[in-house]
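Note that the protein sequences, when read in sequence, are chains A and B. Under my numbering, the first residue of the first sequence carries the number 5, and numbering increases by one thereafter. Under my numbering, the first residue of the second sequence carries the number -1, and numbering increases by one thereafter. These notes concern the structure reproduced below.
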Amino acid sequence: MFPIISKEVLAPTISKFVLKAPLVARKRKAGNFVIVRVIETGERIPLTIVDSNPTEGTITLIVQAIGKTTKLLCSKNVGDALTDVVGPLGNPTPIENHGAVACVGGGVGTAELFPITKALKDAGNFVYSIIGGRTKDLVILEQEMRACSDQVFVTTDDGSYGQKGIVTDPLKQLLTNPQTPIKAVYAIGPLPMMKAVANVTKGFGVHTLVSLNAIMVDGTGMCGGCRVTIDGKMKFACVDGPEFDAHQVDFDELILRNRSYVDFEKVSNERLLNDLTSSREVAR
Amino acid sequence: MTTLNPLKPSERMKVPRQHSIEQPALERVQNFTEVSFGVDEERAMTEATRCLECKNQVCMEGCPVGIDIRSFIQFILQKDYAGAVRKIREANYLPSICGRVCPQEEQCEAVCTLGKKHMPVAIGKLERFVADYELEHNLFTPPVIKEHREEKVAIVGSGPAGLTCAAELAQMGYKVTVFEALHAVGGVLRYGIPEFRLPRKILDMETDRIRQLGVDIQTNFLVGRTATIDEFIEEWGFSAVFLGTGAGTPNFMGIPGESLTGVYSANEFLTRVNLMKANSFPEYDTPIRMGSNVAVIGGGNTAMDAVRTAKRLGAERAILVYRRSRQEMPARQEEIHHAEEEGIELLLLTNPVQILGSENHFVNGIECQRMELGEPDESGRRKPVAIKGSEYMIPVQIVIEAVGQQPNPIIQATTPGLMTGKKGVVETNEKQATSRPGIFAGGDLSRGGATVILAMRDGKQAAAAIHEYIQSKKPNAAVASPVTEAATQV
């Protein structure tokens, strides 16, 4: 079992957990993920490791309650424990000193981007960060990102915070401006956002890495459920990725594949809602 | 030796081979309960009297792990079933698994003297009977470990190779830790072989018995990522390592349409059901897509397991698509027979050319072409050749590809100096030693794709070699071990 050491609610649907997982903490690098199973009857889902503390033997996960498993996880508190955590999985992000880089995070993707940003800053890069969300609540880790960036841009779709618009707006400005010679872009967020970033940077010929959140079962290269098409070839996101050259990713295919189980997800969600409601009534 | 058999040899030959009691086909496709209930005590006793007690024990030679078959049958004749299973366990620690999944027809039973003129002794059914009897009557006692040793051995992977190696080394007195990447123990026995061929209860019981030998099993530990082999040797204090990580990476055919929703590798399909219990959705959270028509591509045991699982999940038409003829199918005869009884359609000499999908990216058909057999290929089997213009479409909603697996590349990529051959298979010598001293490998990782029993054979062989290696490394060891010498020559 993997106990929850601390929990912080970052936004109504987003929570930050620190878990005891000493073996994972010891080896984890920026870009790695874990596969977790919350309960005995649960499914296995991948979650990016946001931070780790090898001395304390802890890892940090930031989770947005979207599907049944993430909702269930977000309902857990200090004192609860996750049934299974395995990792660190996937290839670490290749970190080098490019000179100037842009780190682009959308929604909860900013959590996954944060350790990479930190590593890029530590490697000596001049870091421009762009973080966005649909609305103010979904812009997370702004202070943390500021601490490891030289300049930060914040966008919201509805204009409730930062500049109104999407993350590609400031990105375009940065890429057009000769004063800001960006050599590499790291983008993590919803698939349509990463696709949009890839389309923008392709025009400027700037190398871009994205992290693909495909559906996984084992996360160790065994099932092939996370297969993605990269430059026309089949790759497994869990062992060949999770990061790939954005200009080679078939985003449309992955968007369709990630919808494979929406009907099942609906059934699971309704069951969870009933369970949580009835347990609350019992508690009363 | 004095015989306990009441029958004269000439009488034994007249006794018909006993059959298993099986769940009727129409009933069993509605559930995941075991197909075969094995033989009862009466049938087992009758079957045991058929053994000719040959002086030259060809059956024992035919067994990859060398079970003393004649002796265990003698125990059955004395009604000492616990004694029989103890005799088996001297050579093979997992009898209730082997009694179920071993291809006896190609091994011990293939060489049985009785089989030359009559049907061979049903050795597999007898093995299963005594193992099940021991379980039902709670007769198991762990073997006594005579000498405890200080040295630690790491076993990577808890499949048949790893578990066998662990059991052997633990009985020699070593401190053994098994590392498993998944959350449950058993490897392919857990995620690959369905419940209706190997009940979870049996697997849990056998792994418990390995724990009773003092073996520590750590789940959720992916060797290569959570810790590397070199860390095991340099920091964790392991004297030797056995790699039994299997062949878990699925192949795909590389035909158009494989990214459509409803296309699974057999590995994923079986893992969702066997490991994650997707057949019990929504009580269990892992989903699985099903359709009225399901096509499974391939002709091996994995294809059989997948197509029979699809039938049990409610497919009206569960079709096996295989490009060669029935004769060339690598699956066990018994499995093909069971599948046909269950209404599985065998579409032979048929090769898929593309998977077709709807606008919303869901599978709605598979285009196939008819094949004919040409000249023999490198495998000695006649090569299937496409018949021009024979393409046609079968409406299906699910396509499952069971076209082979390769070793998972993580260990090879994270262990410098570990020599690999074709398709990432780890190279070993006849003692299962790899190119790195102290590192041994076996099962599908070194074979590319074989059977449970051959994995067990390798695990057993490696345990003996590990013992020899560790002893030879001791300061007072007289001469360099032949294992270490051989290892450097790989």
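Think of the CB as a built atom: it goes at the ideal place given N, C-alpha and C, for glycine as much as any other residue. Since the model is a prediction, treat every value here as computed from it, not as a measurement.
Along the stretch 52 to 80 of chain A, the positions whose C-beta sits under 9 Å from a C-beta of chain B are K72, T73 and L76, read in chain order.
Between B:Y189 and B:T269, the CB-CB gap stays under 8 Å. Contact annotation: the stretch 60 to 71 of chain A touches the stretch 8 to 20 of chain A, with at least three C-beta pairs closer than 8 Å. Taken atom to atom, the span from the alpha-carbon of B:K12 to that of B:E193 is near 36 Å. Note: A:S56 is bridge-paired with A:I63 in the DSSP secondary-structure output.
Per DSSP, reduced to three states, the secondary structure at B:M417 is coil, with no helix or strand assignment.
At a cut-off of 8 Å between C-beta atoms, A:P92 counts as an interface residue with respect to chain B.
In the DSSP assignment, B:E107 falls outside any beta strand (DSSP E) and lies within the alpha helix (DSSP H) extending over C106 to V109. Where A:E12 is concerned, the enclosing beta strand (DSSP E) starts and stops at F6 to A15. For A:K31, the closest Cβ of chain B is nearer than 8 Å. Annotation for B:R68: C49, E51, C52, Q55, C57 and M58 place their beta carbon closer than 8 Å to its own, counting only its chain and skipping 5 residues before and after. The beta strand (DSSP E) runs of length 3 or more contained entirely in the stretch 90 to 173 of chain B are, from start to end of the chain, 150 to 154. Annotation: the stretch 270 to 324 of chain B contains the following complete segments of the beta strand (DSSP E) (minimum length 3 residues), in chain order: 291 to 295 and 315 to 319. Look at the beta carbons and you see the stretch 16 to 26 of chain B touching the stretch 339 to 346 of chain B: at least three pairs across the two are nearer than 8 Å.
When 7 Å is used as the limit between beta carbons, B:D283 is near these residues of chain A: T45, G46, E47, K72, T73 and S272, in chain order.
Counting the other CB atoms within 10 Å of its CB gives B:F35 a total below 16, which places it among the exposed residues. Closest in alpha carbon position to A:P92, among B:Q105, B:E104, B:T226 and B:L211, is B:T226.
Using a CB distance cut-off of 8 Å, A:T233 counts as an interface residue toward chain B.
Here B:A168 is buried. Its C-beta has 16 or more other C-beta atoms within 10 Å. Judged by DSSP in its simplified three-state form, A:S133 adopts strand.
Along the stretch 196 to 229 of chain A, the positions whose C-beta sits under 7 Å from a C-beta of chain B are V221, D222, T224, G225, M226, C227, G228 and G229, read in chain order.
Partner residues in the beta bridge of A:H211, as assigned by DSSP, are A:A188. Ranked by Cα distance from B:V186, the first of B:V424, B:K199 and B:G160 is B:G160. Remark: C-beta atoms of B:D66 and A:K72 do not approach each other more closely than 8 Å. Residues of chain A with a Cβ closer than 7 Å to the Cβ of B:E370 do not exist; the shortest Cβ-Cβ separation is about 30 Å.
A distance below 6 Å between beta-carbons, with the five flanking residues on each side excluded, links A:K31 to the following residues of its chain, in chain order: P92. Interface criterion not met: the Cβ of A:S10 is under 8 Å from no Cβ in chain B.
The C-beta distance from B:E145 to B:G171 rounds to 5 Å, short enough to fall under 8 Å. Using a Cβ-Cβ cut-off of 8 Å, B:S257 counts as an interface residue toward chain A, since at least one Cβ of chain A sits closer than that to its own. The beta carbon of A:E146 sits no closer than 8 Å to any beta carbon of chain B.
For A:D88, the chain B residues whose C-beta falls within less than 7 Å of its own C-beta are H181 and N218, listed in chain order. Under the 8 Å criterion on CB atoms, A:M238 is classed as interfacial with respect to chain B.
Beta-bridge partners assigned by DSSP to B:Q352: B:E365.
Annotation: Cβ neighbours of A:Y265 in chain B (cutoff 8 Å, chain order): P285 and R287. A:E100 is outside the set of residues whose beta carbon lies under 8 Å from a beta carbon in chain B. Annotated three-state conformation of A:I43 is coil, per DSSP.
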